[in-house]
């Protein structure tokens with residue numbers, strides 16, 4: 001979880017992508033929010049330009065990677081937005097490091113594999129079994145087995161643990177999301193004070209319905225802003241995003 005795109009020098013706003021993706025998934029959020037925040041879009045371990053390393057390929061390890069990443073950049077706390085597996089990482093992270101999270105935005109996350117609709121999960125399970133069978137013979141199959149394994153075997157977050165989350169939280173999903181609507185509602189209902197927003201669209205609303213998604217996130221951040229602080233809302237920027245690349249060598253010790 002090391003190379004990433006970064007723009008802005010204000011309050012840290014960390015973006016965590018989903019399984020098999022990279023930081024570029026959030027191009028519309030980087031562009032939209034970077035005039036008010038220090039937007040940091042991360043490549044998770046083994047994704048994008050981040051190395052796989054030798055540590056476990058698990059949601060829990062990814063949350064520890066995020067802690068190491070923030071420590072390396074001397075970020076004491078941040079707003080964290082996670083999509084899909086990124087939301088699962090964010091939930092693990094806030095439960096383990098509550099003081100590191102100023103606000104939490106969970107997009108399309110799930111507590112366990114049963115939260116995924118069976119029409120989506122069955123092909124994933126089949127693909128996982130096939131990839132696992134050939135993992136010892138093919139590097140590509142081994143990588144696919146690890147990626148798919150994240151969705152077949154994880155996450156494993158107890159619903160009762162959500163009551164420990166004290167950070168202001170927005171739970172957001174698409175109306176036709178691959179995550180069961182009842183499951184998403186359960187997440188929101190068990191996080192104290194969490195707001196639930198459902199946007200017309202599928203699992204990928206941050207990318208496909210970005211205008212509505214960004215507005216929902218902006219409105220949420222405005223509700224938690226200190227009185228008189230306008231940096232959370234009243235969007236006026238439309239500058240094109242340019243990443244500042246952060247070399248992986250700076251975080252080699254975390255791999």
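Numbering (our numbering), first residue to last: 1 to 255. From the three backbone atoms N, C-alpha and C, an ideal C-beta is built for every residue, glycine too. Every value quoted in this text rests on a predicted model; they were computed, and no experiment measured them.
By the Cβ rule, the stretch 132-146 does not count as touching the stretch 107-115, because fewer than three pairs are nearer than 8 Å.
With the rule of 3 Cβ pairs closer than 8 Å, the stretch 114-123 counts as touching the stretch 173-184. Rounded to whole angstroms, the separation of the alpha carbons of residue 93 and residue 56 is 16 Å. If you look at residue 115, you'll find it isn't in any alpha helix (DSSP H); DSSP assigns it neither H nor E.
For the pair residue 153 and residue 32, the Cα-to-Cα distance works out to about 35 Å.
Residue state for residue 186 is assigned as helix, using DSSP reduced to three classes.
Contact between the stretch 57-68 and the stretch 87-103 is present: 3 or more CB-CB pairs across the two stretches fall below 8 Å. Burial state of residue 123 is exposed, judged by a 10 Å Cβ sphere holding fewer than 16 other Cβ atoms.
Assignment of residue 198 by DSSP, reduced to helix, strand and coil, places it in the strand class. Residue 13 is bridged by DSSP to 39 and 79.
A Cβ-Cβ contact shorter than 9 Å links residue 11 with residue 38. Contact between the stretch 137-151 and the stretch 68-81 is not established, with fewer than three Cβ pairs separated by less than 8 Å.
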